[in-house]
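**Q** Residue numbers (my numbering), protein chains in the order written: chain G, -3 to 263; chain C, -3 to 263; chain D, -3 to 263; chain E, -3 to 263.
I'd like to ask some things about the structure below.
4 protein chains.
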Amino acid sequence: MSSLQGFTVPRTATGRASITQPPPWHYVGDFLVVDYWADPDAVLAVLPEGLEPHPDAGRCAAVCADWQSCSEGGEELLDPVRSHYREYFIVINALLDGEEVTTCPFIWVDQDFALARGWIQGFPKKLGEIWMTRTFGTSLTADPGLRPGARHGATCSANGRAMSDMTLTIEGESEGGPKHNDPPIVNMRYFPRLTAGRHDEPQVHELVRAVSRDREVSKVMTGPATLNLYPAPGEEHHTLAPVEVDRGYRLTFGYTVDDLEVVKDFA
Amino acid sequence: MSSLQGFTVPRTATGRASITQPPPWHYVGDFLVVDYWADPDAVLAVLPEGLEPHPDAGRCAAVCADWQSCSEGGEELLDPVRSHYREYFIVINALLDGEEVTTCPFIWVDQDFALARGWIQGFPKKLGEIWMTRTFGTSLTADPGLRPGARHGATCSANGRAMSDMTLTIEGESEGGPKHNDPPIVNMRYFPRLTAGRHDEPQVHELVRAVSRDREVSKVMTGPATLNLYPAPGEEHHTLAPVEVDRGYRLTFGYTVDDLEVVKDFA
Amino acid sequence: MSSLQGFTVPRTATGRASITQPPPWHYVGDFLVVDYWADPDAVLAVLPEGLEPHPDAGRCAAVCADWQSCSEGGEELLDPVRSHYREYFIVINALLDGEEVTTCPFIWVDQDFALARGWIQGFPKKLGEIWMTRTFGTSLTADPGLRPGARHGATCSANGRAMSDMTLTIEGESEGGPKHNDPPIVNMRYFPRLTAGRHDEPQVHELVRAVSRDREVSKVMTGPATLNLYPAPGEEHHTLAPVEVDRGYRLTFGYTVDDLEVVKDFA
Amino acid sequence: MSSLQGFTVPRTATGRASITQPPPWHYVGDFLVVDYWADPDAVLAVLPEGLEPHPDAGRCAAVCADWQSCSEGGEELLDPVRSHYREYFIVINALLDGEEVTTCPFIWVDQDFALARGWIQGFPKKLGEIWMTRTFGTSLTADPGLRPGARHGATCSANGRAMSDMTLTIEGESEGGPKHNDPPIVNMRYFPRLTAGRHDEPQVHELVRAVSRDREVSKVMTGPATLNLYPAPGEEHHTLAPVEVDRGYRLTFGYTVDDLEVVKDFA
């Protein structure tokens, strides 16, 4: 009989058509991060089952990442339509058994393979369009670089509506990097049933802790930042709009993912 | 504690940000269908667990659909970026406990909400760009209409590569409609684990039979057809390229979906 | 020597690579139109050279069109990625030598061949994403149809920002159709110089009157409408936001274009 | 009366809605370049009026550029959807009054503002999707870097069809950089008439030489390369497919453009 292969659908005799190749997944990307605080009640309203509120109520970060990724062997790097993607997300801060963690309530990404990997990791990814200022290592007018005074921006839209934008004006190097985005990330994997009468009984519903290895981070630049979250039909991220903005950060970062720790199973 | 709502991620206090609203899902669309036969070995190579080969080995259909859909209340119809989508797929014919069925090994769709609904129904959806000739009910040169001699085409691409194209030249009305796409559809729902050592132990792996209601179909036009399936990196649908093409069909069809029957659970 | 062919760039030995094939261009499309009035000063501020203000100051219409088009022979109809496009535009009303005319200050379109044809006709086209509710001739829930009570919507975005949206609730058939979009359209063709010191001396700068033939229009449905125009970076159409909305219209229309009348040359 | 402003359409009282802001335009980008030879007859077949064949018949280059650009003041850099774009083009080599020059017969770009600037400069731009491997300055698996052995790729598609792909395997630093892309570029500005009977009498038809200033180039890496050009409906670039491939190059480059020299006027 059949023995179809593939880490995800579509599954075939070889597995090569899978929407994403099997782990390990190797990543590198440029990041803009804005540490901020939202309305504490709005943060509570998206806190997943199994997590406790953070004592610094309302603590959040907004993150834009311009990624390049590949599976083992790296063949996607030569075919960049299958390795590039950009994403934009919010994390809220919380506690898991007393430990500081982050969790991601809203995220947009611009490629299907990244959406699939996200769902598998517990990131609630939708499709969007994400843009982020780049640097090129030159002194040209069109290259802001990472020097003091350099200004960087990022935007996210979905369905032709603005979701969010952020800016950073670099003042200098940061010693510690972003604080609100620093704790380990714990997400909720969720996959529903369609069988009549069981729409509220998900088949997958488990709190998971991200696991990664082979991490490398560049030096981190920091400075004053702005952040806006906009309302739109079918979206709720704007409930996490900033009431206070801390600092912004620009860095390059990467790692490898081929594991995930299940913390609690609710299914 | 938290009690997040939503049929899918992202889940919130209200559920309004879910990538797709809960069933029922109401659909209407224009269709081009080409009945054909592929290499029987290639069809066998994508036959899911739990299905037996069809006695008419190699029997397939290619389908392009230009959809409009909504959830209960229909608010998406007023905001067509959230109701329109186009999809392009292949079905192979098979047997389930001796009954003729179809199953979908490859499918592309151009919106995230449709990709999510597809995964939940067992359609192995990837993102693509799909185009299909339209009619407008006029006698204008740019409107081929449904008259004898009218020519219709559809194309599907993904990652900037051609996946498939089809054409139909209408001869007249069909009495029975497409044959290779007619049997009930049985798909495989599949959602993997990322936990190290368990990448081959999917959490969701079940054969499911589509259930629908409130179906309506227009009269069906038919005539000679062409079909091409093209190879591309990371794709395998071209293994199902036609060795013989039967007829093409043009119809309008719709239904409502809010149920799914689990046939066999492999998880 | 060389004798390159082609109605537009890129020009080659055969002309087949031209971004748009030569006229005649045959069109058919579905339309949503909203007649309205903007701030008269804002309308004056975008009135082109050579036109006089309309006595009904501020008279405008917003139009969404879901087009299918082809050149002579109609080969694009079989390859719909080269025949479909959607556009969204504003017209203001004006006078030309005492005659009522319309002129288009802002327009977005979603395909390059349509952008090129637009520039050649004097439409100041930018790229955008446009969506419009469809009908399918069924009684299905997802098909609003053209019956009284049916609600239709359209949206336009550019650069991931909302430009405009409109809705229509059909009450019944209209006798005369849209009024603010009815007069002949007169646009400004404009193509600048890049030579230093001559950036303000356009090479093409002429008022042109659209010419068409072989027109066909469906019956027209009408009812109350809504219209919003939104501000966005690098855009100014929101200056024409409605101060009063008249009626909305839904129709199907088509024609053939292969001529253009030059009214005044400013170059 | 009216005095509309703006370097291009749409023109308004302020000029801010223009599809591209006025020059100077500041650019910086990463480049992949492949020097190669096409069939000399195919090169002749796209040689513009006013240029003579190059003695090294068939000499061409294929170029992919991942750009960031802005106008004076640089506000687009903070809003990267208005500053990023990618383009992919072919140049052929030719002679102008005995001097070696290049000229661009085919080019694709992914943003409207870049398409408009291209037409104004004489680049025959169409819309496409372009992807190119990136570097991040790390030693991560997903970052090929610029070290010997690093492999880079680029692809171009249009209308969902593959136009071209190229790869480079870096061996080391190049002393002289690309040769086939080095001579000054001379293009044909062309803007047609639509008036009946005058479709073959373009209003703008002039050979122009690019002028730039404030150029900066990084060190250039080089190595063996591959290049493919694919046929597609409505395209002719595949006539310039390689008969021999020389070397590939990876560099970062930028300049400022606010001038253009008219060489010959054919209108």
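Don't be surprised by glycine CBs; every beta carbon is placed ideally from N, CA and C.
All of these numbers come straight from a predicted model, not from anything done at the bench.
Could you work out which residue in D/Asp106, D/Ser14, D/Pro36, D/Asp62 is closest to C/Arg130 when comparing CA atoms only?
**A** The shortest C-alpha separation from C/Arg130 is found at D/Asp62.
**Q** Chain E beta carbons: is any one of them nearer than 8 Å to that of D/Ala192?
**A** Yes, D/Ala192 lies at the interface with chain E (some Cβ there is under 8 Å from its Cβ).
**Q** For C/Val29, count neighbouring C-beta atoms within 10 Å of its own C-beta (all shown protein chains included) and say buried if the count is 16 or more, exposed if not.
**A** C/Val29 comes out buried.
**Q** For C/Glu125, return the contacting residues in chain E, with the cut-off set at a CB-CB distance below 8 Å.
**A** Under the 8 Å cutoff, chain E gives Gly156.
**Q** Quick check on E/Thr163 - is its C-beta less than 8 Å from some C-beta in chain C?
**A** No, E/Thr163 lies away from the interface with chain C (no Cβ there is under 8 Å from its Cβ).
**Q** Does the CB of G/Gly153 have a neighbour CB from chain D at under 8 Å?
**A** For clarity, residue 153 of chain G is Ser in the given sequence; the question names Gly instead. So yes, G/Ser153 belongs to the interface.
**Q** What is the DSSP secondary structure of G/Leu190, reduced to helix, strand or coil?
**A** Looking at G/Leu190 - three-state DSSP - the assignment turns out to be coil, as it is neither helix nor strand.
**Q** Taking the Cβ atom as the reference point for each residue, do G/Tyr84 and C/Arg7 lie within a distance shorter than 8 Å?
**A** Not closer than 8 Å, so no.
**Q** Which partner residues does C/Thr289 have in the DSSP bridge list?
**A** Examination of residue 289 of chain C is not possible in this model, given that chain C is present from -3 through 263 alone.
**Q** Can you list, in chain order, the residues of its chain whose CB lies under 6 Å from that of D/Ala110, leaving out five sequence neighbours each side?
**A** Around D/Ala110: Tyr81.
**Q** What are the partner residues of C/Thr8, as DSSP defines its beta bridges?
**A** Answer is C/Gln1, bridged to C/Thr8.
**Q** What does DSSP give as the partner residues of C/Arg147 in its beta bridges?
**A** Bridge partners of C/Arg147: C/Thr165.
**Q** Give a yes or no on whether 8 Å exceeds the smallest Cβ distance from E/Thr16 to chain G.
**A** Output row for E/Thr16: interface = no.
**Q** Between E/Gly96 and E/Pro179, how many whole angstroms is the CB-CB distance? I'm expecting something under 8 Å.
**A** The sequence as given places Glu at residue 96 of chain E; Gly does not occur at that position. About 4 Å separates the two Cβ atoms, so the contact holds.
**Q** Cutting at 6 Å between CB atoms, please list the residues of its own chain near G/Glu257, excluding the five before and the five after it.
**A** Result list for G/Glu257: Arg205, Val207, in chain order.
**Q** Given G/Asp139, which residues of its chain have a CB within under 7 Å of its CB, disregarding the five upstream and five downstream residues?
**A** For G/Asp139, where only same-chain residues beyond five positions count, the Cβ hits under 7 Å are Thr131, Phe132.
**Q** Nearest CA to the CA of E/Pro227: which residue from E/Arg113, E/Pro20, E/Glu45, E/Ala158?
**A** Looking at the Cα atoms, E/Ala158 is the closest of the given residues.
**Q** Quick check: is the beta carbon of E/Met217 nearer than 8 Å to any beta carbon in chain G?
**A** Output row for E/Met217: interface = no.
**Q** Verify the contact flag: G/Val213, CB atom, against every heavy atom of the ligand SAH, threshold strictly below 7 Å.
**A** Ligands displayed in this structure: none; no statement on the ligand SAH is therefore possible.
**Q** Kindly give me the distance between the Cβ atoms of E/Lys260 and E/Glu202, rounded to whole angstroms, as I take these residues to be in contact under 8 Å.
**A** Going by Cβ atoms, the distance from E/Lys260 to E/Glu202 rounds to 7 Å, so yes, they are a contact pair.
**Q** Which residues in the same chain as D/His234 place their Cβ atom closer than 8 Å to its Cβ, once the five residues preceding and following it in sequence are excluded?
**A** For D/His234, where only same-chain residues beyond five positions count, the Cβ hits under 8 Å are Leu225, Tyr226, Pro227, Ala228.
**Q** From the beta carbon of G/Val59, is the nearest beta carbon of chain C less than 8 Å away?
**A** Not closer than 8 Å to any Cβ of chain C, the Cβ of G/Val59 fails to qualify, so no.
**Q** Do you know how far the Cα of E/Cys100 is from the Cα of E/Ile181?
**A** Cα-Cα distance, rounded: 8 Å.
**Q** What do you get for D/Arg55, buried or exposed, if any count of 16 or more other CB atoms within 10 angstroms of its CB means buried?
**A** Label assigned to D/Arg55: buried.
**Q** What in chain E is Cβ-close to G/Ser214, meaning under 9 Å?
**A** Here the neighbours are Phe132, Gly133, Thr134.
**Q** Show which residues of chain C have a CB atom less than 8 Å away from the CB atom of D/Gln64.
**A** Those within 8 Å of D/Gln64 in chain C are Thr129, Arg130, Phe132, Ala138, Asp139.
**Q** If you measure between the beta carbons of C/Ala13 and G/Glu125, is that distance less than 8 Å?
**A** Cβ atoms of C/Ala13 and G/Glu125: not closer than 8 Å.
**Q** Buried or exposed: which applies to E/Thr10, given that a residue is buried once 16 or more other Cβ atoms fall within 10 Å of its Cβ?
**A** Burial call: exposed.
**Q** Between C/Leu92 and chain G, is there a C-beta pair that is closer than 8 Å?
**A** No, its Cβ sits nowhere closer than 8 Å to a Cβ of chain G.
**Q** Under DSSP, the beta strand (DSSP E) around D/Val87 begins and ends at which residues?
**A** Segment 80 to 92, the beta strand (DSSP E) holding D/Val87.
**Q** Please state if the CB of D/Thr16 and the CB of D/Phe3 are separated by a distance shorter than 8 Å.
**A** Going by C-beta atoms, D/Phe3 is nearer than 8 Å to D/Thr16.
**Q** Output the distance between the C-alpha atoms of C/Pro44 and G/Leu0, rounded to the nearest integer angstrom.
**A** One C-alpha to the other measures close to 7 Å.
**Q** Looking only at C-alpha atoms, which of D/Arg209, D/Ala58, D/Asp37 sits nearest to E/Ala192?
**A** Of D/Arg209, D/Ala58, D/Asp37, the residue nearest in Cα terms is D/Arg209.
**Q** How would you call D/Asp93, buried or exposed, if buried means at least 16 neighbouring beta carbons within 10 angstroms?
**A** Exposed, since its Cβ has fewer than 16 Cβ neighbours within 10 Å.
**Q** Taking 7 Å as the limit between beta carbons, can you name the residues of its chain near E/Gly266, skipping five residues before and five after?
**A** There is simply no residue 266 of chain E to check, as chain E begins at -3 and stops at 263 in what is shown.
**Q** Assuming C/Ala263 contacts C/Arg243 under a Cβ cut-off of 8 Å, what Cβ separation, rounded to an integer in Å, is found between them?
**A** Actually they are not in contact, since the Cβ atoms of C/Ala263 and C/Arg243 sit about 39 Å apart, beyond 8 Å.
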